[in-house]
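Quick note, the sequences are listed as chains R and B, same order. Numbering follows this note's numbering, with no gaps: position 68 of the first sequence is 68. Each number in this note's numbering corresponds to the 1-based position in the second sequence with 1000 added. All C-beta atoms, glycine included, are put in the ideal place defined by N, C-alpha and C. Predicted model, so just to flag it, every value in this text is computed and none were measured.
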Amino acid sequence: MNYPDGIIVALTILGLVGIGIYAIIVSRNLIKIVVGMQIMVKGVLLAFVLAGRVSGNIGLGQSLALTVIVVDTIVAVVALALTVQVHKRFGSLDPQALTTLRR
Amino acid sequence: MLYALVGVGALGCAVAAVTSKRMLISAIWLALASALVALDMYLLGAPFIAVIELSVGAGLVTVLFVFAINLTGDEALPVANSVFKWLALTLILACSGITAYLVFPRSLLSPSNPETLPLLTIFWDLRRLDTWLQAFLIFAGALTVLGLFRSASHESAKKEE
């Protein structure tokens, strides 16, 4: 991999993390927020692999990425289960419908 | 060139996943983005993690999303405030620009640590505690989901009584 390829992958990482954060900030649907979180984690995974490749220690990058995949999957499972419960209890997936504070 | 194509494809799929009105379509775009990220990982020389990302990210997580959407319904999304949208976009672009300026040129120039260990040695010897913690985390997650559904079924049974 030469230097421009590294820059392209790094820009992809920045784009994925940015799109994920944008979705988390702007979305008003709990499932869409989990989608945003997933996109952000994809960028982080790619960052681990790129860092491993650039530093010459791809094994360490892969092992850290594997840990992130495991944690991310568990977080997604629990978040989706909570989303289903929220929908059962409140009848809506809008996070603003969950607040008990008056606006 | 291939990196650019895969990167643009992954970013396009991610944007489509975020902007899509229907949740099911959004989940499919997310799976496509995941597959392209896995391809990028393979090109970077990490085939092991690419296969896991393809099977877990594009397979298992998509099935979970479809399952959750099936249970909650494909609800129409309320439209967010456009001023808020532009504010978030500006903030994220500014943060990305600052990160790119500070991180990219220095860290991508040349390999700094040529010492390479095999993945299995790192995973089972150097990070043994992490591996056990991951296994524990999987069980904890499974128990949490079971607990969530169990409490819900108890409440619905009480309501029926």
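Asked, Found
"At a Cβ threshold of 7 Å, is B:Ile-1098 touching chain R?", "no"
"What residues in the stretch 77 to 99 of chain R have a beta carbon less than 8 Å from any beta carbon of chain B?", "Val-77, Val-78, Leu-80, Ala-81, Leu-82, Thr-83, Val-84, Gln-85, His-87, Lys-88, Ser-92, Leu-93, Asp-94"
"Beta carbons nearer than 7 Å to chain R: which residues of the stretch 1114 to 1134 of chain B have them?", "Pro-1114, Glu-1115, Thr-1116, Leu-1117, Pro-1118, Leu-1119, Ile-1122, Phe-1123, Arg-1127, Asp-1130, Gln-1134"
"Taking 7 Å as the threshold (C-beta atoms), are R:Leu-45 and R:Val-118 in contact?", "Look at the range of chain R in this structure, 1 to 103, and you will see that residue 118 of chain R is not part of it."
"Could you give the distance in angstroms between the alpha-carbon of R:Tyr-22 and the alpha-carbon of B:Pro-1118?", "37 Å"
"Tell me the start and end of each unbroken alpha helix (DSSP H) in the stretch 1043 to 1088 of chain B that is at least 4 residues and wholly inside, in chain order.", "1047 to 1052, 1061 to 1072"
"Looking at B:Ala-1050: is its Cβ nearer than 7 Å to the Cβ of B:Ala-1038?", "yes"
"Can you pull the chain R residues whose beta carbon is under 8 Å from the beta carbon of B:Thr-1072, in chain order?", "Ile-31, Thr-83, Val-84, His-87, Leu-93"
"Counting only Cβ-Cβ distances shorter than 7 Å, please list the residues of the stretch 14 to 29 of chain R near chain B, keeping chain order.", "Leu-14, Gly-15, Leu-16, Gly-18, Ile-19, Ile-21, Tyr-22, Ala-23, Ile-25, Val-26, Arg-28, Asn-29"
"Suppose contacts are defined by Cβ-Cβ distances below 7 Å. Is B:Val-1061 in contact with R:Ala-10 by that definition?", "no"
"For B:Trp-1132, count the other beta carbons within 10 Å of its own beta carbon; 16 or more makes it buried, fewer makes it exposed. Which is it?", "exposed"
"Which term fits B:Asp-1040, buried or exposed, when burial requires 16 or more other beta carbons within 10 angstroms of its beta carbon?", "buried"
"Return helix, strand or coil for R:Arg-53, following the three-state DSSP convention.", "helix"
"By Cβ distance below 6 Å, which residues in the same chain neighbour B:Ala-1135 in space, the five residues on each side in sequence not counted?", "none"
"Any C-beta of chain R sitting closer than 7 Å to the C-beta of B:Ala-1058?", "no"
"Give me the Cα-Cα distance between B:Gly-1007 and R:His-87, rounded to the nearest whole angstrom.", "35 Å"
"Could you tell me whether any Cβ in chain R is nearer than 7 Å to the Cβ of B:Leu-1137?", "yes"
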